[in-house]
Amino acid sequence: MAKIVLVLYDDPMDGYPTSYARDDLPQPERYPDGQTLPTPKAIDFKPGVLLGSVSGELGLRQYLESNGHQLIVTSSKDGASNVLDKELPDAEIVISQPFWPAYMTAERFAKAEKLKMIVTAGIGSDHTDLQAAMEHNVTVAEVTYCNSNAVAEHVVMSILALVRNFIPSHNWITKGGWNIADCVSRSYDLEAMNVGTVAAGRIGLRVLRLLKPFDVKLHYMDRHRLPEAVEKELDLTYHSTLESLTKVSDVVTLNCPLHPETEHMINEKTLKNFKRGAYLVNTARGKLCDRDAIVSALESGQLAGYAGDVWFPQPPANDHPWRTMPYHAMTPHISGTSLSAQARYAAGVREILECYFENRPIRNEYLIVQNGQLAGVGAHSYSKGNATGGSEEAAKFKK
Ligand code: NDP
């Protein structure tokens, strides 16, 4: 019998939903590169219901308990007397979502003597100290591709919201009033702008494809170059350095994982290489950016806008300066946890658990760490080391 600790975000303020806005949940047949959607033997949930909050339990209880395992579900993960720390010493598997991450620091690894696997229900395993996972021989897996396209949609929405000055204009309507000049004095067309993505992996490439019909000039920077056919099809300009990309881009979007190589890649120094009045959209990870440098760049006008849904730590304190900085279009971390995405990653977690308990190999594309090494997708997209430093600040959040 294994103990599984599942850390999920809280239920809605007015209780777990009893009805939903829509009846069906359209899903793609495959992901754009041909990868199949998750293939568990069965699921015990109705796609379209809220699975990512505590009462949704990722639809895992029936499966785990009928196989004799113990499931603990909690949102309590930070600060004194949190449930995660209490349950860790005899937990075999810890599962959490990047939206409400269980920060698996080296200190927690030291306490979790029976830990064998950490599953990210989503994409992005930077909330786990990957160096410690390698040293403790703990497998780390995530549900690759489950929400990449969902995030790309959020990126396009955020770019348009900033460039068109949508949110302040919308606010005129809800607060009462009608000052058109106020709305449009910061409003531009996206058409003909230069848009650059830092990383052209699953999300970055999807963003480039979605933006192509806007007649923008597309740029990318990555550690590996895309196939020539893709560069030609999308008329892409490749940049080997961040500086070269940001010098020409009116809009920059960050789509790389957080790992020691990318932490704080956007800082006071690198922001100086941006065009004055550039927009920056970051739905990848908050810690890719230096928090205070972003605030200063918005205040000075070096950046015309900043949007995204990722913060560090999560949840951020109520006095986090990104809540109140000018010209932002921030949301809580939501882009990858639409009801559509939840159905895919809940099925993906079930697939990973079935493989684990039945001693079958976990798909290579889901693996980040295995047998003490970066493995699978992790070996391609991450670097060794730890990016969880400072996560104890999450305890400062007050509901
Ligand atoms: P992929 O693994 O498909 O793509 C990541 C890309 O980043 C790869 O092309 C990789 O390059 C590139 N990369 C890695 N390090 C660097 C670097 N130092 N400089 C430039 N490029 C680099 O992942 P996804 O596109 O699916 O997701 C990307 C990230 O987005 C996730 O790691 C996660 O942090 C975030 N995310 C956010 C979500 C949200 O809800 N907001 C949901 C899902 C993901 P290469 O492989 O060529 O080395």
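Adding 1 to a residue's 1-based position in the sequence shown gives its number in the numbering used here.
Just so it is clear, CB atoms sit at the ideal spot from N, CA and C, and this is done for glycine as well.
Asked	Found
Near the ligand NDP: SER97 beta-carbon under 6 Å from a heavy atom	no
Sub-7 Å separation of ARG286 and ASP130 beta-carbons	no
Buried or exposed by the 16-neighbour rule on C-beta atoms within 10 Å, applied to PRO258	buried
7 Å Cβ cutoff met for HIS225 and TYR383	no
First through last residue of the alpha helix (DSSP H) which encompasses ASN195	Where ASN195 is concerned, there is no enclosing alpha helix (DSSP H), although the beta strand (DSSP E) it sits in stretches over 195-199.
Candidates ALA133, TYR104 and ILE5, of which the one nearest GLN71 by Cα	ILE5
Best match in ASN195, ALA201, LYS176 and PRO169 for proximity to SER188 [C-alpha to C-alpha]	PRO169
Local conformation of MET158 per DSSP, three classes	helix
Residue from GLU355, ILE94, MET194 and ASP24 with nearest C-alpha to LYS276	MET194
SER186 (DSSP reduced to helix, strand or coil)	coil
Simplified DSSP state of TYR367, which is helix, strand or coil	helix
Own chain residues within Cβ distance below 8 Å of LEU304, not counting five before or after	LEU272, PHE275, GLY278, ALA279, TYR280, LEU281, ILE295, ALA298 and TYR328
Burial state of SER336, where buried means 16 or more other Cβ atoms lie within 10 Å	buried
Sequence-distant residues of the same chain with beta carbon closer than 6 Å to ASN387, five excluded per side	ASP130 and GLN132
Given ALA347 as reference, the closest of LYS115, ALA111, GLU244 and ALA122 once Cα atoms are compared	ALA122
Where the alpha helix (DSSP H) containing GLN71 begins and where it ends	Not the alpha helix (DSSP H): GLN71 falls in the beta strand (DSSP E), residues 71-75.
Check: GLY382 C-beta below 6 Å from any heavy atom of the ligand NDP	Note that residue 382 corresponds to Ser in the displayed sequence, not to Gly. Yes, the beta carbon of SER382 sits closer than 6 Å to at least one heavy atom of the ligand NDP.
Buried or exposed (CB count within 10 angstroms, at least 16 for buried), GLY422	Nothing in the structure corresponds to residue 422, since the chain is present only between 2 and 400.
For ASN172, the three-state DSSP class (helix, strand or coil)	helix
CB of PHE140 within 7 Å of CB of MET118, strictly	Note that residue 140 is Thr in the sequence shown, not Phe. Cβ distance < 7 Å, so THR140 and MET118 count as in contact.
Buried or exposed by the 16-neighbour rule on C-beta atoms within 10 Å, applied to TYR17	exposed
Nearest to LEU26 (by Cα), restricted to the options GLY49, PRO41, PRO102 and VAL199	GLY49
Check: ALA200 C-beta below 6 Å from any heavy atom of the ligand NDP	yes
Cβ-based neighbour list, LEU246, same chain, cut-off 6 Å, excluding 5 preceding and 5 following	GLY197, HIS220, MET222 and HIS240
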